[in-house]
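Trainee:
In the working numbering, the protein residues as written are 17 to 103.
1. Measure the C-alpha to C-alpha separation of residue 102 and residue 31 and round it to an integer number of angstroms.
2. Under 7 angstroms Cβ to Cβ from residue 77, same chain only, skipping five residues before and after it: list those, please.
3. Quick check on residue 94: buried or exposed, where buried means 16 or more other Cβ atoms within 10 Å of its Cβ?
4. Would you report the Cα separation of residue 72 and residue 52, rounded to the nearest angstrom?
5. Exposed or buried, which one is residue 63 when buried takes at least 16 other CB atoms within 10 Å?
6. With a threshold of 8 angstroms between beta carbons, is residue 43 in contact with chain D?
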């Protein structure tokens, strides 16, 4: 049994999931131009199309959030959870 298994908690799972999302998004961007692998970049974006700006005179706050979910990022999250379970 590995030493990391005694430290398994929710934060480590979130870290693995975030790494899976980032690597999946990177793979989706890299394979978008490849004809045989372009299906990995298929996905949906949702969020604010234009940022919400709050001008307080002295301080200007800009809020924006857009999430793009692709097939590759879903595969990355699944692989991250599987790897987490086997650690």
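Ideal placement from N, C-alpha and C gives every residue a C-beta, glycine not left out.
No experiment lies behind these values; they were computed from the predicted model shown.
Mentor: Judging by the given coordinates:
1. On the chain shown, position 86 is the one that residue 102 refers to. On the chain shown, position 15 is the one that residue 31 refers to. For residue 102 and residue 31, the distance between alpha carbons rounds to 15 angstroms.
2. Taking the first residue of the chain shown as position 1, residue 77 is located at position 61. 70.
3. For the purposes of this step, residue 94 is identified with residue 78 of the chain shown, where counting begins at 1. Answer is exposed; the Cβ neighbour count stays below 16.
4. As a first step, residue 72 must be located in the chain shown, where it is residue number 56. As a first step, residue 52 must be located in the chain shown, where it is residue number 36. Taking the straight line from one Cα to the other gives about 50 angstroms.
5. As a working note, residue 63 is residue 47 in the chain shown. So residue 63 counts as exposed.
6. The structure shown contains no chain D, having only a single protein chain.
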